[in-house]
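Q: Right, I'll just put the structure down here and ask away after.
Protein chains: 2
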Amino acid sequence: MNKIELKSLLADRTLGTPTGQVVRLLSERGALSAAQIARLSGLAKSTVSTTLSDLRRSGVVVETAEADPARTGGAGRPATMLSLNPDAGTCVGALIGLREIQVIVADVSHAIIASHTEVMDEDYSPAEAADVIRALVRRAYREHALSTAGLLGVGVAIAGPVNPRDGRIQRASVVPTWAGTDVREVFGPLFQRPIFIDNESNCAALAEMMWGAAQGHEDFVLFKIDLGVGGAIVHGGRVLTGVAGGSGEFGHMTIDPTGPLCRCGNRGCLELTASFKPFLRLAQNRFRRALTPEDVIDMARDGDVGCRRLIIDCAEAAGHGLGIIGTIINPPLVVVSGRMVRAGDLLLEPLRQSFERHTLVKNDDVPPESRTRFVPGRFVENDSVLGAVGLVLRHQAYAPV
Amino acid sequence: MNKIELKSLLADRTLGTPTGQVVRLLSERGALSAAQIARLSGLAKSTVSTTLSDLRRSGVVVETAEADPARTGGAGRPATMLSLNPDAGTCVGALIGLREIQVIVADVSHAIIASHTEVMDEDYSPAEAADVIRALVRRAYREHALSTAGLLGVGVAIAGPVNPRDGRIQRASVVPTWAGTDVREVFGPLFQRPIFIDNESNCAALAEMMWGAAQGHEDFVLFKIDLGVGGAIVHGGRVLTGVAGGSGEFGHMTIDPTGPLCRCGNRGCLELTASFKPFLRLAQNRFRRALTPEDVIDMARDGDVGCRRLIIDCAEAAGHGLGIIGTIINPPLVVVSGRMVRAGDLLLEPLRQSFERHTLVKNDDVPPESRTRFVPGRFVENDSVLGAVGLVLRHQAYAPV
DNA sequence: CAGCATTAGTTCTATGGTGAACTTATTTGG
DNA sequence: CCAAATAAGTTCACCATAGAACTAATGCTG
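Sequence order for the protein chains is A and B.
Sequential numbering from 1 applies to the first sequence in the working numbering.
Sequential numbering from 1001 applies to the second sequence in the working numbering.
So this is what it looks like as structure tokens:
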């Protein structure tokens, strides 16, 4: 029998085979029992059994003490929980943000080993990014006494549309200096490992689906309210990319064709009213000092009517956009994320109301199971980097080096 | 060997098996050669070969004279074209429209055997619809001396959202008298055959995908400009239904939250400016006589500047809506359908321009293969009924009786 | 017109995955 | 405390599917 290697098991072509499916499930969900794997994958118990015995023999899969949270007590033989061998490999996730670069190192059993962030000057170049990422990754591996030999792959989340065909950054990108860049060319020499690239929001959706608020959901919409407004559409467990990687750009829906100019070159984009950029500007005018979104949210919590109104106005605008999404897609679930969700129900309640007012199918008109549910996202700061790790684990997205 | 029956082959559970796949491909695409089936399905040539010899022996599949349009001339052994045995069964497709009921009878090899339309009073009841459909189907079978014993299933397209869970018509439906109706209860006793139900626009998308302008495309958006504005989103070959069956309701995107009231109960819907309802009203004011959309299109063709402008205004409004869809979904293909496309480039050109102005990813910024293509739909009058037949052939959509 | 290139379709065999029947390990209840 | 109930996990025979090697039927080229 050939020795089974995790590296090749995470490769694209093995994804369809039972062995690939089992490894993928373990890498996505952490610890599982053989019975759970069979149920989740739809494979026969027997297939899972033989597959796992091979994987255990070659050391890719190990037993863990971790108990099954779904099955406490009850009759029957207790399950033996299995997970991927944490020593079998590590993944790097990187976020190329507008003003920051984040890097995390995670093992294949999901644990985050290290996490580093570096603030960047606006309009930094791909070369600068490569330097920073190299340094951050090196530091992370050194600090935790890890060997980079175990590196399975690198996932890159990027703030802007990525061409799903070739992994290049689109000219229409919101990161103008990166336009046309082939990310694999920049990072390939750094790692000599498969590199996976996707849009920041798509990665965030992947993170929420694999580990967060959308766990177990195959269909949902991620709606992110932060400095900008963005998101992603997930259908059948797959993130919609769009022909040009431009899907899910909720912030740039043309709300008012005669409205003010947006940085994207169009007029009256949703982002101009539904992000917290205008919101912060107004709050700073009112209090005559620099404020963070968190400051405004805190003041609103403490009862400041002005700050409350700003949040409500933002929710009203966002609800209009989400209402349109509801009318077009009618998703079962909307995961609301971005720093704005820290306002909690102060945001979510008026958002739901505004959505309800603007969307076609009203909640009262349909049975409860046909309603669009709203939940806050689980991750706020690091959703995209986490999703970048998810890219490696799922081996989605674009061609390896 | 068990006798192979087409009825059971079109059943859901056999869809995954090679035999099921082969039958499905033949039912969707009409005549194909064994080699084509292997290529399209991804199955091995050998598997297709053995499967087909079984199917031929049991009379489900027959040879046809029809030549392969894709392969004229060239070297190599000529293909023997196969199709489902037209005598093996018939399908009924029905459209429950706002003011009309359409019924077609088709054989499994795609040929339309009969087609009938009956104009109805507005707000007709389900019972009246059942009577009309029963009469139309009976007439069709009698006129063509067919036995209803060969009826494989009935597909119903309906003008309004259908709950994907149970096949019931939503209360939010645009057909108010039908709210809450379980279509299978109404038509089940009529036919004693599996009944499949879906929204009119979703059926239209299926028709364009199976036989029309979107053949071979797994991802596209159907945008229909008629009396109302509607459409459907297709991803990975599956039509998005939405939790409440409300997806693809492009006509009811809230364009102007303070605009005029729409029949749906919201304000400023796209339909109010982008359908040809307002358009006809203005043209009739201008010419002081009753006009059909075709009249206006003809006059525009003949050079009437007023009529041209009306078409351009409609395209402008529709382009705004499509631009939003482009920003959200970024589809590779938009199939524009509905009676409005009869205007041809008079509509499509300004529509493309308006789309380009309102959408995020501009055509000039991306390579040609990443652009959103616009094509007119192939079917105008009978897309939905055709799609209803498609429902039966694909055995999609909601639970049989 | 012979031989080669090209494409279609068939046959046979190795094998991977399934389902049924089995063993193993635990709780529950009389 | 033992048997029944329940669930996890294993073993093995069977069969559907893929792949390779084959035959068949056509056009092209010199």
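No residue lacks a Cβ here, since even glycine has one placed at the ideal position from N, Cα and C.
Remember, it's a predicted structure, so these values are computed and weren't measured experimentally.
Using a Cβ-Cβ cut-off of less than 7 angstroms, list which residues of the region 1142-1168 of chain B approach chain A; keep chain order.
A: Residues passing the 7 angstroms Cβ filter: Pro1161, Asn1163 and Arg1165.
Q: Please specify which runs of the alpha helix (DSSP H), each continuous and at least 4 residues long, are wholly inside the region 1177-1215 of chain B, giving them in chain order.
A: Those alpha helix (DSSP H) runs which fall completely within the region 1177-1215 of chain B and span 4+ residues are 1183-1191 and 1200-1210.
Q: Note down the Cα distance separating B/Asp1302 from B/Arg1139, rounded to an integer number of angstroms.
A: For the purposes of this step, residue 1302 of chain B is identified with residue 302 of the second sequence, where counting begins at 1. For the purposes of this step, residue 1139 of chain B is identified with residue 139 of the second sequence, where counting begins at 1. Taking the straight line from one Cα to the other gives about 41 angstroms.
Q: Give the interface partners of A/Leu240 over in chain B, defined as CB-CB distance under 7 angstroms, in chain order.
A: Reading the first sequence from its first residue, position 240 is the one you call residue 240 of chain A. Under the 7 angstroms cutoff, chain B gives His1235 and Ile1329.
Q: With DSSP collapsed to three states, give me the class of B/Asp1107.
A: Looking up residue 1107 of chain B in the second sequence gives position 107. Three-state result, B/Asp1107: strand.
Q: Under the rule that 16 or more other beta-carbon atoms within 10 Å means buried, what is A/Pro161, buried or exposed?
A: Locating residue 161 of chain A in the first sequence gives position 161, where the first residue counts as 1. Buried, since its Cβ has 16 or more Cβ neighbours within 10 Å.
Q: Only counting runs of 4 or more residues, tell me where the alpha helix (DSSP H) segments fall wholly within the region 330-386 of chain A, in order along the chain.
A: Counting only runs of 4 or more, we get 345-358.
Q: Which class does B/Glu1316 belong to by DSSP, given the choice of helix, strand or coil?
A: The residue labelled residue 1316 of chain B in the question sits at position 316 within the second sequence. B/Glu1316 falls in the helix class under three-state DSSP.
Q: If you reduce the DSSP assignment to three classes, tell me which class A/Leu291 lands in.
A: Within the first sequence, residue 291 of chain A is the residue found at index 291, counting from 1. A/Leu291: coil per DSSP, three-state reduction.
Q: Per DSSP, what kind of secondary structure is A/Cys264 in: helix, strand or coil?
A: Numbered from 1 along the first sequence, position 264 holds the residue referred to as residue 264 of chain A. In this structure, A/Cys264 counts as coil in the three-state DSSP scheme.
Q: Could you say if the region 324-342 of chain A and the region 357-377 of chain A meet the contact criterion of at least three C-beta pairs nearer than 8 angstroms?
A: Touching, yes.
Q: I want to see whether chain A comes within less than 8 angstroms of B/Asp1365, judged by CB atoms only; does it?
A: Against the second sequence, residue 1365 of chain B aligns to sequence position 365. So yes, B/Asp1365 belongs to the interface.
Q: Mind pulling the chain B residues with CB within less than 7 angstroms of A/Pro368?
A: Translated into the one-based positions of the first sequence, residue 368 of chain A becomes position 368. Correct list: empty, because the minimum Cβ distance to chain B is about 11 angstroms.
Q: Kindly say whether B/Val1392, judged by its beta-carbon, lies nearer than 8 angstroms to any beta-carbon of chain A.
A: As a working note, residue 1392 of chain B is residue 392 in the second sequence. So no, B/Val1392 is outside the interface.
Q: For B/Arg1134, name the three-state secondary structure that DSSP assigns.
A: To locate residue 1134 of chain B, count along the second sequence from 1; it is residue 134. Three-state DSSP puts B/Arg1134 in a helix.
Q: Between the beta-carbon of B/Ile1233 and the beta-carbon of B/Ile1197, is there less than 8 angstroms?
A: Indexing the second sequence from 1 puts residue 1233 of chain B at position 233. Indexing the second sequence from 1 puts residue 1197 of chain B at position 197. Cβ distance not < 8 angstroms, so B/Ile1233 and B/Ile1197 don't count as in contact.
Q: Restricting to runs no shorter than 3 residues, where is the beta strand (DSSP E) found entirely within the region 19-86 of chain A?
A: Fully enclosed beta strand (DSSP E) runs of 3 or longer: 61-63 and 81-84.
Q: For a contact meaning CB atoms closer than 9 angstroms, what does A/His320 contact in chain B?
A: Looking up residue 320 of chain A in the first sequence gives position 320. Neighbours of A/His320 on chain B, chain order: Thr1254 and Pro1257.
Q: Starting from the Cα of A/Phe379, find the closest Cα among A/Asp121, A/Gly230, A/Arg339 and A/Gly344 and give me that residue.
A: For this step, residue 379 of chain A is matched to residue 379 along the first sequence. The shortest Cα separation from A/Phe379 among A/Asp121, A/Gly230, A/Arg339 and A/Gly344 belongs to A/Arg339.
Q: Output, in chain order, the set of chain A residues within a Cβ distance shorter than 7 angstroms of B/Ser1247.
A: On the second sequence, residue 1247 of chain B is found 247 positions in, with the first residue counted as 1. By Cβ distance, chain A contributes Ile328, Ile329 and Asn330.
Q: Mapping DSSP to helix, strand and coil, what is B/Arg1168?
A: As a first step, residue 1168 of chain B must be located in the second sequence, where it is residue number 168. It is a strand residue.
Q: What are the boundary residues of the beta strand (DSSP E) that includes A/Ala274?
A: The sequence position of residue 274 of chain A within the first sequence is 274, counting from 1. Looking at the DSSP string, A/Ala274 is not in any beta strand (DSSP E); the run it does join, the alpha helix (DSSP H), is Glu271 to Ala274.
Q: If I measure Cβ to Cβ from A/Ile325 and keep anything under 7 angstroms in the same chain, skipping five residues before and after, which residues do I get?
A: For the purposes of this step, residue 325 of chain A is taken as residue 325 along the first sequence, with counting starting at 1. So the list reads Val221 and Phe250, once near-sequence residues are dropped.
Q: To the nearest angstrom, how far is it from the Cα of A/Ala397 to the Cα of A/Asp87?
A: As a first step, residue 397 of chain A must be located in the first sequence, where it is residue number 397. As a first step, residue 87 of chain A must be located in the first sequence, where it is residue number 87. A caution first: A/Ala397 carries a pLDDT of 40, below 50, which makes its placement in the model unreliable, though a value can still be read off. Looking at the two C-alpha atoms, the distance is approximately 25 angstroms.
Q: Keeping to the same chain, check which residues put their C-beta closer than 8 angstroms to that of B/Ile1133; ignore five residues upstream and five downstream.
A: Counting from one through the second sequence, the residue named residue 1133 of chain B turns up at place 133. Taken in chain order, the residues that qualify are Ala1094, Ile1101, Val1103, Phe1187 and Leu1190.
Q: Step through the CB atoms of chain B and report whether any lies within less than 8 angstroms of the CB of A/Val119.
A: If you number the first sequence from 1, residue 119 of chain A lands on position 119. Not closer than 8 angstroms to any Cβ of chain B, the Cβ of A/Val119 fails to qualify, so no.
Q: Evaluate A/Val305 with the Cβ neighbour count: other Cβ atoms within 10 Å of its Cβ, from every protein chain shown; 16 or more gives buried, anything less gives exposed.
A: Looking up residue 305 of chain A in the first sequence gives position 305. Flag for A/Val305 reads exposed.
Q: Give the residues of chain B in contact with A/Gly188, contact being defined as C-beta atoms less than 7 angstroms apart.
A: By one-based count along the first sequence, residue 188 of chain A stands at place 188. Per Cβ cutoff of 7 angstroms: no residues; A/Gly188 is ~21 angstroms from chain B at best.
Q: Applying a beta-carbon distance threshold of less than 7 angstroms, which residues of chain A neighbour B/Thr1372?
A: Numbered from 1 along the second sequence, position 372 holds the residue referred to as residue 1372 of chain B. The contacting residues are Val243.
Q: Examine chain B for any beta-carbon lying closer than 8 angstroms to the beta-carbon of A/Gly223, and answer yes or no.
A: As a working mapping, residue 223 of chain A is identified with position 223 in the first sequence. Sequence check: residue 223 of chain A is Phe here, not Gly. Judged by the 8 angstroms Cβ criterion, A/Phe223 is not in contact with chain B.
Q: Taking the continuous beta strand (DSSP E) assigned at B/Phe1250, which residues delimit it?
A: Numbered from its first residue, the second sequence carries residue 1250 of chain B at position 250. Per DSSP, B/Phe1250 belongs to no beta strand (DSSP E) and is neither H nor E.
Q: Is the CB-CB distance between B/Ile1255 and B/Gly1242 below 8 angstroms?
A: As a working mapping, residue 1255 of chain B is identified with position 255 in the second sequence. As a working mapping, residue 1242 of chain B is identified with position 242 in the second sequence. No.
Q: Taking C-beta pairs closer than 9 angstroms, name the residues in chain B that A/Gln170 reaches, listed in chain order.
A: The residue given as residue 170 of chain A occupies position 170 in the first sequence. Under the 9 angstroms cutoff, chain B gives Val1361, Asp1365, Val1366 and Ser1370.
Q: Which residues in the same chain have their Cβ closer than 8 angstroms to the Cβ of A/Arg168, if we skip the five residues on either side of it in sequence?
A: As a working note, residue 168 of chain A is residue 168 in the first sequence. Closer than 8 angstroms at the Cβ level, and outside the excluded window around A/Arg168, lie Val162, Gly180, Thr181, Asp182 and Val183.
Q: Please report how far the alpha carbon of B/Gly1020 lies from the alpha carbon of B/Leu1052, in whole angstroms.
A: Taking the first residue of the second sequence as position 1, residue 1020 of chain B is located at position 20. Taking the first residue of the second sequence as position 1, residue 1052 of chain B is located at position 52. When rounded, the distance between both Cα atoms is 11 angstroms.
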